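As C-alpha cells, the structure follows; a few thoughts come after it.
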Amino acid sequence: MKKVRVRFAPSPTGGLHLGGVRTVLYNYLFAKHHGGDFIVRIEDTDQSRYVEGAEEYIFNCLKWAGLEPDESPLHGGSYGPYRQSERKEIYRQYAEQLVKDGHAYYAFDTTEELEKMRHDFKTEQNPSPQYDRSLRMKMRNSLSLSPAEVKDLLTKDTRHVIRIKMPDQETVSFTDMIRGEISFDTLLVDDKVLLKADGMPTYHLAVVVDDHLMQITHAFRGEEWLPSAPVHVLLWKYLFGLKSMPQWAHLPLILGPNGKLSKRDGAKYGFPVFAMNWTDPKTNDLTEGFKEKGFLPEAFINLLALLGWNDGTEQEIFSKKELIEKFSIERVHSGGAKFDYEKAKWFNHEWIKQSGVASLESGVKTLLTEKGFPVADDAMLDKVIELVKDRCTLLPDFVQHSSFFFKTPEEYDLAAVKPKWNEEKKNFFLAYSEKLRSTAEWNAIALENSFKELATEKNIKPGELQLPFRIMLVGGKFGPPVFNIAELLGADETIIRIEKALLSF
RNA sequence: GGCCCGUUCGUCUAAGGGCUAGGACACCACCCUUUCACGGUGGUGAUACGGGUUCGAAUCCCGUACGGGCUACCA
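Take a look at the structure:
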C-alpha cells in the first residue's frame, strides 16, 4: 500500500480556532491510522497579514493538543523548507512553465485598472465581474497585447502577475472523500492569479506545487476551499498529471450560534474559540483558549473529533489512541456543525472523572498555588483530588472544591448557620471537639458515627448539625461530604477549625 | 446576481429502501444526598416543504424553501 502523507498548512495570521484544530486533528488521525506521515508547512506568502509570534503560537497549540507533526519547520524532514516564503523561487519556475505551455499568461493590469474593470462591468445581473474568458481580451495581458509589446513590458520589468488561463469549455470534476463526485464548468471559473507581482505565489499555485514536491497523498481542508478546487485540479493536470493528485476531502464548517463561528462569538457568548489564549499584538485583544479555560487536551481533541464524526456506535468518549484506531474519513458528516459549549464541558467533565490522580496533579497544584493556596503536602493533594474530581467540570473548579484543604477558612457563610444557631448546638460542638481529641480511629465512617452518637446523646438531630460543621471546616456550602473532609484534615486541624469558628458563630 | 456545498429532536448525531426513527448534551420530574455535585430512573422533543420512483422512502430522483461558503495580487 502507498504510504500516506498528509499535511496541515496554517497561515500565521492570528490564533488557531476550532475549525483549524479540527482540520489538524483529522489530518493527524488519518495519517496515524494509515501509518503515514503528518507534516506541517507554513503558508506565509502574504506578508501584509503576517503576525509576529503567530507561528510559534500555532506550534505551541499543536504541542498542547498532542498533535505534533513528524515534519515541520521546527522538526525538519526530507522535503523542506516548510515555510512557503523560503520556497519562493520554486514557484516561479512552475508558473513560467505554465505560461510556456499556454495554460497561463502574464497580466500587467494595475490595481486601479482592476478596480475600474470591476466598476465598469458591474451590473445588477453581475455584481462582481470576474477576470475571465469574457473579459481577459479587454485587459492588458500577454493574450491581448502583441508579442512585441509584451516583450517590451517584460524587459522594462513592469509589475505583472501570472494568471491561469481557464479553458473555454470543460467540465472539471474530482471525487471528494466526504462528498463524492463534484464537478464544475470552467466557463464559470475566473482566471485566478497564480504568481503575485511581488513574486510570491498565491495559495492556488503553492498548494499544488508543495503537495507534489512533498508527496502529499491525501489533502484535508475546510469547505470554503471547494469553489477553488477546479483551479487546483487543472493545475495538477497541467503540471504533474492527474494520476498523482492527492485525494481531497473538504471538511464541513464549524458554526457558532449565528452562522460561521467567529472570534467574536467567544467573547459574546462566553466560550473559548481558540486552542490557547491568543493576544493580537496589533490590537491587544485577548481571545480565550480552551487550555486556559481549564480543558484537558484529551477532552479537547475528543470533543473536536466528535464534532462531525462518529464511529457508528454509541461511544462518545475516545482516547487519542482509540481515535487513531477508529477514525475514517468516510464517516465524517457532510453538514456544518454548530458548536455547543455545554456539550464541550460535558466531555471535559467525563475526562476529569476518568483521569488518574497522577495526570491531574501538576495542573491542579499550579492552579491552587496561583490562586493563593500553596500545596505543602503532595500526598494530601492526591487524596483531595481523588475525593473531589467527580464534581469538577473544568480544571479551575478544583480551586472551589478543594482550596479549603490547604488554608483554614477566614470567613464563614454565616447566613447559612445563624438563623438556626443556639446554645445547645454550641455546646455540642464544644463537646465534640473534646471527644475528637481522644479519638483513636480517624476516618470518615468512625467520625460520622461518633458525631451521630453524640448528637443523639444531646438530643439534637444530626442533620441539623452537619451544615454548621461544614461551614466550620470549609467556610461555605460546598465541597465533598463533611466527614471525608475532616478525615483528610486530620484531628489537629479539625479541632482548630471548630474552635476558631465557634468564636464567630 | 452567479457558482458550489449542505438540511433528522433546541444542539451533536445514528439509522445508507423494511418492525413503535436510536443515543448523547441541554431541559423537566422523581430517587439518592440535611452542602454543592456525581449517580440512578423516567419524560418532553426531529426526518424543511412539494412532487415522483417503489409493495414499502429519513434513505433514491426532480423542484422549492432555508442555511452556509466562494465570487481579492487573503488564506
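The opening residue of the first sequence carries number 72 in the numbering used here; numbering runs sequentially from there.
Built from N, CA and C at the ideal position, the CB exists for glycine as well.
Since the model is a prediction, treat every value here as computed from it, not as a measurement.
Is the Cβ-Cβ distance between residue i and residue j less than 9 angstroms?
i: L377; j: I325; result: no
i: M543; j: I569; result: yes
i: V446; j: F477; result: yes
i: R189; j: R154; result: no
i: Q318; j: Y150; result: no
i: E359; j: G327; result: no
i: I388; j: E421; result: yes
i: H289; j: R93; result: no
i: P272; j: E294; result: no
i: Y274; j: T116; result: yes
i: K364; j: L438; result: no
i: F554; j: E519; result: yes
i: L559; j: K454; result: yes
i: D108; j: G147; result: no
i: G546; j: F469; result: no
i: P83; j: V122; result: yes
i: L259; j: R163; result: no
i: I577; j: F576; result: The first residue shown for the chain is 72 and the last is 576, placing residue 577 beyond what the model contains.
i: S473; j: G550; result: yes
Residues in its own chain within less than 8 angstroms of residue i by CB, not counting five upstream and five downstream?
i: K506; result: S521, L525
i: E528; result: none
i: L100; result: A376, L394, I395, F398
i: E482; result: G546
i: P533; result: F522, K523, A526, T527
Label residue i either buried or exposed according to how many other C-beta atoms from any shown protein chain fall within 10 Å of its C-beta, with 16 as the threshold for buried.
i: N98; result: buried
i: N329; result: exposed
i: G85; result: buried
i: K497; result: exposed
i: G429; result: For the record, residue 429 in the displayed sequence is Ala; it is not Gly. Label assigned to A429: exposed.
i: K74; result: exposed
i: L306; result: buried
i: E385; result: exposed
i: Y165; result: buried
i: Y340; result: exposed
i: L485; result: exposed
i: K236; result: buried
i: P352; result: exposed
i: N373; result: buried
i: R78; result: buried
i: P218; result: exposed
i: S199; result: exposed
i: K263; result: buried
i: L225; result: exposed
i: D282; result: buried
i: L185; result: exposed
i: R541; result: buried
i: E369; result: buried
i: S390; result: exposed
Could you check how far apart the C-beta atoms of residue i and residue j are, in whole angstroms? I think they sit under 8 angstroms.
i: V170; j: I233; result: 6 angstroms
i: P301; j: T257; result: 7 angstroms
i: D261; j: Y309; result: Rounded, the Cβ-Cβ distance is 17 angstroms, inconsistent with contact.
i: S254; j: T242; result: 5 angstroms
i: K331; j: T479; result: Not confirmed; about 50 angstroms, so no contact.
i: R204; j: D239; result: 6 angstroms
i: K436; j: L452; result: 6 angstroms
i: L206; j: F410; result: With 8 angstroms as the limit, L206 and F410 do not qualify as a contact, their Cβ atoms being about 41 angstroms apart.
Could you name the residues of the same chain whose beta carbon sits closer than 7 angstroms to that of residue i, not counting the 5 residues immediately before and after it, in chain order?
i: M72; result: Here M72 scores only 47 on pLDDT, less than 50, and its place in the model should not be relied on; the value that follows carries that caveat. Contacts found: none.
i: K491; result: E535
i: E220; result: none
i: F361; result: P343, A346, F371
i: G270; result: K159, R163
Below 6 angstroms CB to CB, which residues in the same chain sit around residue i once its five sequence neighbours on both sides are set aside?
i: F366; result: N419
i: M248; result: Q318, A320, I400
i: I129; result: P81, L87
Exercise for review: Answer yes if the segment 206-224 comes into contact with the segment 176-183, meaning at least three C-beta pairs across the two stretches below 8 angstroms, and no otherwise.
Suggested key: yes
Practice item. Pair every Cβ in the segment 127-138 with every Cβ in the segment 346-354, then say whether three or more of these pairs are closer than 8 angstroms. Key: yes
Review point. Is the segment 402-410 close to the segment 451-468, with three or more CB pairs under 8 angstroms?
Key: no
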